[in-house]
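>
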Amino acid sequence: MNHNSPKIIRGTFGDDILKGTPGIDKIFGVEGNDILRGKQGNDRLFGGTGDDTLYGDKGHDYLSGGIGNDSLLGGDGNDRFQGSAGDDILLGDAGSDGLWGGTGDDLLLGGTGSDRLLGNAGDDILLGGAGSDRLWGGIGNDTLLGDAGNDRLWGNAGDDILWGGADSDRLWGGTGDDLLLGGTGSDRLWGGTGTDHLLGDAGNDTLLGGAGNDYLLGGAGADTFSFLSPNQGIDTIIDFNLVQGDLIQVSASGFGGGLTVGTLDTDQFTIGSAASNASDRFIYNDTTGALFFDPDGTGALAQVQFAQLSTELALTNSDIFVV
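Structure below.
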């Protein structure tokens, strides 16, 4: 007899309560609203059809809800979850877990450990919990909460809400009109496409709106507002604060115009409504708050507004940095 072979436990077409052994089990709920419990060992639990409840307990378990609105609890160990069809609840609990929501509007809770959460299709809610987690919203209008740890959040498709929480996080909105909130720590926020709202909150944050007319609010700390190109829309910087040490960062390759890496040259910045000589590249209109880029100063090429700031700022070339 091979003691390493899993014990096979199968339910019926009714509502079953199926418990594993201290060893390795494979438990199949089949049909009905079943309760499956793995106990000890590295178990594999399959709910089947119906609204099932699966407990991995101890060990490194695999839990698959199947069709229906299922609840999956990993327990101890590094567990893997598959929500499949229906509106599912997946709770990683202890360990570094992998949670996949499947179709439906799912709730994924990583718990402790460094977890991986994927909402997949549907309007999902993902909470990383303690540890440095990775969260992907997938398709749908998702809500992603990193919580504690240095987390990475990707909204992907849809109009998503991303909140980094504590520590230094990185947030990518993806497509859609997204809301990104950094939380505490020095965070990096990328809006992606769409009309996005980015809030750095506490810490020295970096905010990049991406394509679309975005709204950027750095919050407390010396924040960096980054631009890859002058042709990705007009971003509104709500709270550009010279006293706090806020900075505008632009890409030399994306903007062109002969920019060199480092603090912007003095003769490439002017205040007014248009370039006054051939060397001017950035024009701040302190009456309207508009910030323009002109690739050839007083040459034939037109200036382009890429940002909207507050009026009457004491802005200088030293507040713009080229990378």
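Here the working numbering is used: position 71 in the sequence shown is 84, and no number is missing along the way. We treat Cβ as the ideally placed atom computed from N, Cα and C, and that holds for glycine. Values in this document were obtained by computation on a predicted structure and should not be read as measured data.
Mind checking which residues open and close the alpha helix (DSSP H) that includes Ser-266?
As a position in the sequence shown, residue 266 is number 253, starting the count at 1. First-last of the alpha helix (DSSP H) with Ser-266: 265-268.
> Under the rule that 16 or more other beta-carbon atoms within 10 Å means buried, what is Ala-313, buried or exposed?
For the purposes of this step, residue 313 is identified with residue 300 of the sequence shown, where counting begins at 1. Classification for Ala-313: exposed.
> With the cut-off set at 9 Å, would you say Asp-209 and Gly-186 are in Cβ contact?
Taking the sequence shown and counting its residues from 1, one reaches residue 209 at position 196. Taking the sequence shown and counting its residues from 1, one reaches residue 186 at position 173. Their beta carbons are under 9 Å apart, which means Asp-209 touches Gly-186 by this criterion.
> Consult DSSP for Gln-95 and reduce its assignment to one of helix, strand or coil.
Your numbering for residue 95 matches position 82 in the sequence shown. If DSSP states are grouped into helix, strand and coil, Gln-95 belongs with the strands.
> Considering only residues of the same chain and omitting the five flanking positions on each side of Phe-94, which have a CB-CB separation below 6 Å?
One-based indexing of the sequence shown puts residue 94 at position 81. Around Phe-94: Leu-76, Leu-85, Leu-103 and Leu-112.
> Work out the CA separation of Leu-229 and Val-274 for me, nearest whole Å.
As a position in the sequence shown, residue 274 is number 261, starting the count at 1. As a position in the sequence shown, residue 229 is number 216, starting the count at 1. Distance between the alpha carbons of Val-274 and Leu-229 is about 24 Å.
> So, do the segment 287-300 and the segment 234-246 have three or more beta carbon pairs nearer to each other than 8 Å?
no
> Across which residues does DSSP place Gln-337 in a beta bridge pair?
Not covered by the structure: residue 337. The range shown for the chain is 14 to 336.
> Taking Cβ positions, are Gly-69 and Asp-101 nearer each other than 9 Å?
One-based indexing of the sequence shown puts residue 69 at position 56. One-based indexing of the sequence shown puts residue 101 at position 88. Taking 9 Å as the Cβ cut-off, Gly-69 and Asp-101 do not qualify as a contacting pair.
> DSSP on Asp-280, reduced to helix/strand/coil?
Taking the first residue of the sequence shown as 1, we reach residue 280 at position 267. Of the three classes helix, strand and coil, the one that applies to Asp-280 here is helix, per DSSP.
> Ordered along the chain, which non-local residues of its own chain (more than five positions away) have a Cβ less than 8 Å from that of Asp-128?
The count along the sequence shown starts at 1 and reaches residue 128 at position 115. Excluding positions up to five away in sequence, the list reads Gly-105, Ser-109, Asp-110, Gly-111, Leu-112, Gly-141, Gly-142, Gly-144, Asp-146 and Arg-147.
> At 3 residues or longer, what runs of the beta strand (DSSP E) sit wholly inside the segment 77-158?
84-86, 93-95, 102-104, 111-113, 120-122, 129-131, 138-140, 147-149 and 156-158
> Measuring alpha carbon to alpha carbon, tell me which residue in Asp-47, Pro-19, Asn-254 and Ile-37 is nearest Ile-30.
For this step, residue 30 is matched to residue 17 along the sequence shown. Looking at the Cα atoms, Asp-47 is the closest of the given residues.
> To the nearest angstrom, report how far apart Asn-330 and Gln-281 are at their CA atoms.
Sequence index remark: in the sequence shown, residue 330 carries index 317 (1-based). Sequence index remark: in the sequence shown, residue 281 carries index 268 (1-based). When rounded, the distance between both Cα atoms is 7 Å.
> Given this structure, state the Cα-to-Cα distance separating Asp-293 from Gly-258, to the nearest angstrom.
The sequence position of residue 293 within the sequence shown is 280, counting from 1. The sequence position of residue 258 within the sequence shown is 245, counting from 1. Approximately 24 Å, taken between the alpha carbons.
> May I ask which residues mark the beginning and end of the beta strand (DSSP E) holding Val-43?
What you label residue 43 is simply residue 30 of the sequence shown in a count that begins at 1. For Val-43, there is no enclosing beta strand (DSSP E), as DSSP gives it neither H nor E.
> Taking the DSSP output, what are the residues bridged to Gln-262?
Your numbering for residue 262 matches position 249 in the sequence shown. In DSSP, Gln-262 forms a bridge with Ser-239 and Phe-334.
> Contact check, Asp-158 vs Gly-150 under 8 Å by CB: the rounded distance?
Taking the first residue of the sequence shown as 1, we reach residue 158 at position 145. Taking the first residue of the sequence shown as 1, we reach residue 150 at position 137. Note on residue identity: the sequence assigns Leu, not Asp, to residue 158. The pair is not a contact, with the Cβ atoms about 11 Å apart (cut-off 8 Å).
> Which stretch, first to last residue, makes up the beta strand (DSSP E) that contains Leu-230?
The residue given as residue 230 occupies position 217 in the sequence shown. Unbroken beta strand (DSSP E) run through Leu-230: 228-230.
> Helix, strand or coil, according to DSSP, for Gly-213 in the structure here?
Here residue 213 refers to the residue found at position 200 of the sequence shown. Here Gly-213 sits in coil by DSSP.
> With DSSP as the reference, please indicate the residues paired to Arg-183 in a beta bridge.
In the sequence shown, residue 183 corresponds to position 170, counting from 1. For Arg-183, which the question treats as bridged, DSSP gives the partners Arg-165 and Arg-201.
> Distance check for Thr-66 and Glu-44, CA to CA, integer angstroms please.
Residue mapping note: residue 44 aligns to position 31 of the sequence shown, counting from 1. Residue mapping note: residue 66 aligns to position 53 of the sequence shown, counting from 1. The straight-line gap from Cα to Cα measures roughly 12 Å.
> So Ile-152 and Gly-178 are in contact, right, with Cβ under 8 Å, and what is the actual spacing, rounded?
Numbered from 1 along the sequence shown, position 139 holds the residue referred to as residue 152. Numbered from 1 along the sequence shown, position 165 holds the residue referred to as residue 178. Gly-178 and Ile-152 do not touch by the CB rule: their CB atoms are close to 24 Å apart, not below 8 Å.
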